[in-house]
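In the working numbering, the protein residues as written are 1124 to 1816. Even for Gly, the Cβ is constructed at its ideal location relative to N, Cα and C.
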Ligand SMILES: Nc1ncnc2c1ncn2[C@@H]1O[C@H](COP(=O)(O)OP(=O)(O)OP(=O)(O)O)[C@@H](O)[C@H]1O
Ligand SMILES: [Mg+2]
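This is the structure in structure tokens:
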């Protein structure tokens, strides 16, 4: 065991102090030997001398580490522990795993476990530091023992000075190790965040499309923060110190069995208290999380719609709803704090009571001449030390429970959102878009909003979708672009199901302008290029020109570099729609889907839109447009009419219009040119001109 322990320690010392500290390793070895000697030969009174020796060796090790290393050894120690652990895991898994944050789809449990396992040896290092610290912490009580049992009877000043100097050195060593341990823990938290942050963020982006928008969309990131926060705090040190409790108890038993039994009883009571605290805080902590989310949701909704709130005096009503949610939140928080606080108080008093009873029982033993005075004090201090981790654990239980609940929620989220596999790269689609018997429901809901939708469009054609409000037009196009998954049925590009592409790959072939245009904080150019890392300036300008937005953009003071603010608030609604159109056209995607792109456009904008749609068709793409205003239907040759979630009509524009509006006689050629003509502008022209090409 000693051999295994020493080789593991050596490895860890090496990891902890980087490659340059061969000598530190040697001292580590000596240290390990001392620890082994301590446990093998230390007993009774010799324990104190043995442990002083061990502690001195540790301090030697610490000081050497500090002086030997050239600059920033502590930083290196902490970082290299985590990095070495991390790189070992990364080399074991695929090389791309760390760079992209993606992992092969597997169970989320293994994904989270892998992230934690990547820090395993850093945890072992923390365990080792904790071990050293716990041995060092014996110093105070052993000093007391020496003072009472040796210095006072012998009245020897040199002994007192000697052991006092040793004690100061030991305390310095303790401070150093505590310092390193805290830094390593912070870095473990950081490493976990690094391993999971990207994955959690991308899962959060997809979550509303799978589970709906219920609850707080920021919760997964908050959960990761609380796990990281717990790991980086002093909470875990209590867990690392707990295994040392039996060792302290054994030492107290060595002083006298009555003292040992007393300390053991105290420990049992405190452990039971910890378990009770665990049971009683679990429910209030999750209730507090839920009410906190509700409260947060009201704040976000209120600030997002600040204009509506101000214009119509809704602040009072909203504030009273917020107050109710806030009261719930505070009440839940209070419950958590009450439970944690009362257990904290009880455990503190119990610990003090135990220490005093140790003194009392010790005194009785001295009177009975069963123990020396030094033993009483040392045992009292030791029992306090033994139970300190339980105390610390109870004090940090709230953080522990919320971190654990966060971890469980994260596990669920990642299980629901497995990392995308990197499917084989398919050739860019260039022939057809098909929807077969699609049944579509909102994410997380059961009710079918669109039923049995089937149609196919060939390259070079355009489809206009019309129908009354709420008939399911937007729902259908959301499934067409892959934003929503149909409950059943299929959506295909060139005969291949949409999910045969990774969402990133598929995104290159799809341009989508949603009904509620959302731009992101950033520059115009960044928004048009979809925040692509290697954005191409020519492609950005080409897209802007195709959308008829180039002149508008260069008229801004900073042109393409104009910051458009959160949600594009620095732009007018029509400007936003034009820039969003340019974003949809960026890099000439095969399928361009526009959901009421003209709702805020003026005449010029609409003409530009028609030109853009014809441009897509000319280059062999497919354009699908949802429109209430029929002008833009001049640019399509197929029409789909929807009603109550079903495809009411679908076919060439002429035929559909002839069927739907028999009183409207076609007045123009049934084969208008691909380019818009003057008569495509008036409102009814789209219907009257009709005709496909
Ligand atoms: N996220 C959602 N969750 C639940 N139901 C939804 C959701 N989005 C839309 N619906 C419902 O689906 C139906 C169709 O909505 P959809 O937005 O597709 O209509 P639309 O034809 O685009 O209407 P409009 O012309 O007003 O844009 C509506 O009854 C609506 O209430
Ligand atoms: Mg709609």
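Secondary structure at residue 1571: strand, using DSSP grouped into helix, strand and coil. Taking a 10 Å sphere around the C-beta of residue 1784, we find fewer than 16 other C-beta atoms and assign the residue as exposed.
In this structure, ligand 1 has no non-hydrogen atom nearer than 7 Å to the beta-carbon of residue 1414.
Sequence-distant partners of residue 1701 (beyond 5 residues in either direction) whose C-beta falls short of 8 Å from its own C-beta, in its chain, are 1670, 1671, 1672, 1675, 1724, 1728, 1731. The residue among 1693, 1668, 1381 with its C-alpha nearest the C-alpha of residue 1705 is 1668. Per DSSP, residue 1761 is not a residue of any alpha helix (DSSP H); the beta strand (DSSP E) it occupies stretches across 1761-1766.
Counting along the chain, the unbroken alpha helix (DSSP H) around residue 1376 starts and ends at 1368-1378. Around the beta carbon of residue 1299, a 10 Å sphere encloses 16 or more other beta carbons of the protein chains shown; the residue is thus reported as buried. Contact annotation: residue 1616 and residue 1712 have beta-carbon atoms that are not nearer than 8 Å. Looking at the backbone, the Cα of residue 1441 and that of residue 1453 are separated by about 18 Å. Inter-segment contact for the region 1641-1657 and the region 1574-1583 is absent: fewer than three beta-carbon pairs are separated by less than 8 Å. Distance from the Cα of residue 1586 is smallest, within the candidate group 1308, 1763, 1691, 1379, for 1763. Contact annotation, residue 1631 with residue 1710: C-beta distance approximately 7 Å; criterion of less than 8 Å satisfied. In terms of Cβ geometry, residue 1382 and residue 1475 do not form a close pair [threshold 8 Å].
Beta bridge pairing from DSSP links residue 1615 with 1557, 1620. Summarising the contact set, residues whose Cβ lies nearer than 7 Å to any heavy atom of ligand 2 are, in chain order, 1596, 1597, 1638, 1718, 1719, 1749. Shortest Cα-Cα distance from residue 1342 to any of 1313, 1782, 1420 involves 1420.
By a beta-carbon distance limit of 8 Å, residue 1497 does not contact residue 1478. Their separation comes to about 16 Å. With fewer than 16 other CB atoms across the displayed protein chains lying within 10 angstroms of its CB, residue 1395 is exposed. Taken atom to atom, the span from the alpha-carbon of residue 1262 to that of residue 1406 is near 41 Å. Residue 1772 is bridged by DSSP to 1764. Taking C-beta atoms as the reference points, residue 1744 and residue 1714 count as a pair closer than 8 Å. Buried is the label assigned to residue 1411, since at least 16 other Cβ atoms lie within 10 Å of its Cβ. A direct Cα-to-Cα measurement between residue 1248 and residue 1241 gives close to 13 Å.
Proximity to residue 1571 across 1456, 1595, 1734 peaks at 1595, based on C-alpha coordinates. If you draw a 10 Å sphere on the C-beta of residue 1721, you find 16 or more other C-beta atoms in it, and that means buried. Beyond the five residues adjoining it in sequence on each side, residue 1566 comes within less than 7 Å, by CB distance, of 1331, 1332, 1333, 1334, 1335, 1607 in the same chain, given in chain order. At least one heavy atom of ligand 1 lies less than 7 Å from the C-beta of residue 1593. The alpha-carbon separation between residue 1690 and residue 1340 amounts to approximately 17 Å. With respect to the C-alpha of residue 1519, the residue from 1312, 1363, 1357 having the closest C-alpha is 1357. Distances taken from the Cβ of residue 1606 to the heavy atoms of ligand 1 include none shorter than 7 Å.
Shown here for residue 1444: same chain residues with a beta carbon closer than 8 Å to its own, the five before and five after excluded, namely 1421 in chain order.
By the neighbour-count definition (other C-beta atoms within 10 Å, threshold 16), residue 1472 is an exposed residue. When DSSP states are grouped into helix, strand and coil, residue 1708 belongs to the helix group. The shortest CA-to-CA distance from residue 1584 to any of 1362, 1776, 1434 is the one to 1776.
Spanning the alpha carbons of residue 1437 and residue 1779 requires a straight line of approximately 46 Å.
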